[in-house]
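Residues in the first sequence are numbered from 598 upward in steps of one, following the numbering used here. For each residue, glycine too, the CB sits at the ideal point set by N, CA and C. Have a look at the structure below before the remarks.
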Amino acid sequence: MPDFRLYNTLTRQVEPFAPADGTTVRMYTCGPTVYNPAHLGNFRTFLFEDLMRRVLALRGWTVHQVMNLTDVDDKIITRAREQGKTISEVTEPVIEVFHRDREYLRIQRAEAYPRATAFIPQMVALVQRLIERGVAYQADDGSVYFAIAKFPAYGRLSRLDTREIKPGARVIQDDYSKENAQDFALWKAAKEEDEITGASWDSPWGRGRPGWHLECSAMAMDLLGDTLDLHCGGIDLIFPHHEDEIAQSEAATGQPFSRVWCHGAFLLTEGAKMAKRVGNVSTVQGLREARFSAAALRHFVFNTHYRKELNLSEEALAASRQAVRRVGDFAERLRSDTTMALGGTPALVQAADEAVAQAEAALFDDLNGPEALAALFEFIRRGNAELDRKGGDRTAVERARAALDRIDGILDIVPDREPADEGLAEWIEEQLAARRAARIARDFAEADRIRHELTSRGVTIEDSAGETHWKLD
RNA sequence: GGCGCCGUGGCCAAGUGGUAAGGCGGCAGACUGCAAAUCUGCUAUUCGUCGGUUCGAUUCCGACCGGCGCCUCCA
């Protein structure tokens, strides 16, 4: 088996990776806060994690991925308050949208999607443990905080020790009850709106709710054990979220929280980070309505390495749409009976083998999507050329099909062919019959007229030896 | 202000201390009645700028310019 390497944020290096037990990768991926549908920027990270789990599986490991759904937090409570709802009334529909978008983008289902509100006992237990260990305290405001000063390793992931806080950047708000301004909340004492919206639970420290960072630690350790193999998320989570997760978890267990940390870079739009507050978000729903297929969107995301910023633009998206069209045409050609009947050549097999080897090598080297795509496109070019030769070797075609399936099993960028409804298909066939007659009569003006008619309805036709294929654009 | 990332052809984007993958687009040719699809050829002597190290740098070092992010809720 080839070496599998990943960039580890902890060491800032690309290093060999393997699960601790040699068989199962226990992977935790920070999921969405479900108060609003996730935008493409969020999904870039989820897409990177989808690529990760597929490549891990390709490498031969079992993947156990957990992605949390944060269904209790300030924004959710605020929204619930505004709309006179409970938090679950706010989050339930958003969770549905999340899964619908996820499926549209062909993101494989994780093994578990724990909701924060379903793990309150585990969170309370974790806080209790931290208090017993003397690294957490209840302040005058009733909330429980983590005492950063008691955890010397704090800041290792984000290299806090090498940074200095911008004067005035961290304005010490009204948190006078905290021992240290940087201490973060483990358990937030309930306020009136928390009670009204159903965002409050009993605890040894009174009514309250869990802090955001705590949720992930508690759920990750409950579902995956004290030490994870891999923890992924967007680059913005490094500080403070992941830093705080490490502090809480390691202070409680004395064990490393995650062996490896991976972070995906941002998706930008118009040169700025895609974010709701910037007002430049693209939703999956919107992209879908603009007729960008899952295949095109996946191509767009995977065509840039996950650790490099990616700028969303109309042109780039259009380029991906075209690129993926080519992939789809090749896939259809390979699958067709005509192609099988015509057969392939030894060189087709060679092209297929090389493509698989190159794509896998690229993917195993820190998830290099762009190189894997390059290998695929090289295969398409050579494959088409060899198929043009009609070599007669059916086995070669089978090998090529298998190669494409293997590569596309990871990238998943063959677009779906939109089926024409029955009436349209019937009409198209009638037009094609009429055109055929016109061509036989060498009435090309009429044949072209019919073709234009079809084109105006979004139907593209391709004449090839003896037969005419049509497809919807 | 601190920490970090990025700057490769018209657009997107890999990559390496030894002379630039791939996609989109464009041009020309083959095929076609004409197209479409496909194939072939061409489309960066050059990798932000200026220095340095080296036999040799796009790749290492330094400075500068430009863009972005984190330091505050955040994929």
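The beta carbon of Ser-890 lies closer than 6 Å to those of Pro-1012 in the same chain, with the five residues before and after it left out. Secondary structure at Cys-829: strand, using DSSP grouped into helix, strand and coil.
When secondary structure is reduced to three states using DSSP, Arg-609 falls in the coil class, being assigned neither helix nor strand. The residue from Arg-998, Thr-1065, Gly-861 and Gly-1006 with its alpha-carbon nearest to that of Leu-1029 is Thr-1065. Excluding sequence positions up to five before and after Glu-790, its CB lies within less than 6 Å of the CB of Ile-674 and Arg-678, all in the same chain and listed in chain order. For Gly-805, the enclosing beta strand (DSSP E) starts and ends at 805 to 807. In this structure, Leu-864 lies near Leu-907, with their beta-carbon atoms less than 8 Å apart. Residue state for Gln-779 is assigned as coil, using DSSP reduced to three classes. Shortest Cα-Cα distance from Met-816 to any of Ala-915, Tyr-604 and Gly-628 involves Gly-628. Contact annotation: Gln-680 and Val-669 have beta-carbon atoms that are not nearer than 8 Å.
Its chain contains Asn-605 as the residues whose beta carbon lies nearer than 6 Å to that of Glu-612, once the 5 sequence neighbours on both sides are disregarded; these appear in chain order.
Straight-line measurement puts the Cα of Leu-754 at about 35 Å from the Cα of Pro-690. For Leu-666, there is no enclosing alpha helix (DSSP H), as DSSP marks it with neither H nor E.
Separation of the CB atoms of His-636 and Val-994 is rounded to 42 Å, and the pair is thereby denied contact status at 8 Å. Of Glu-911, Leu-931, Thr-901 and Glu-1027, the smallest CA-CA separation from Ala-971 is found for Thr-901. Counting C-beta pairs closer than 8 Å gives three or more between the region 820 to 835 and the region 856 to 875, which meets the contact rule. When rounded, the separation of the alpha-carbon atoms in Thr-794 and Arg-641 is 31 Å.
The bridge partners DSSP lists for Tyr-701 come to none. Boundaries cannot be given for Ser-910, as no beta strand (DSSP E) includes it and DSSP labels it neither H nor E. The beta carbon of Asp-799 is closer than 7 Å to none in its chain, skipping five residues each way along the sequence. Under the DSSP assignment, Met-624 falls in the beta strand (DSSP E) whose first and last residues are 621 to 626.
In the three-state scheme derived from DSSP, where H, G and I count as helix and E and B as strand, His-696 is classed as helix. Pairing Ile-692 with Trp-658, the inter-Cα distance amounts to about 29 Å. DSSP, reduced to helix, strand and coil, places Leu-964 outside both helices and strands of the structure shown, so it counts as coil. Classified as exposed, Ile-1037 has fewer than 16 neighbouring CB atoms from the shown chains inside 10 Å of its CB. Going by DSSP, Phe-889 is part of no alpha helix (DSSP H) at all; its letter is neither H nor E. An exposed status is given to Ser-1053, since fewer than 16 other beta-carbon atoms sit within 10 Å of its beta-carbon. In this structure, Arg-697 and Phe-643 do not form a Cβ contact; the two beta carbons are roughly 13 Å apart against a cut-off of 8 Å. Per DSSP, the beta bridge partners of Phe-743 are Ala-733 and Phe-781. Between the region 913 to 922 and the region 959 to 968, the count of Cβ pairs shorter than 8 Å is below three; the stretches do not touch.
Below 8 Å, too few C-beta pairs join the region 709 to 717 and the region 834 to 853 to call them touching: fewer than three. DSSP, read as helix, strand or coil, puts Glu-790 in helix.
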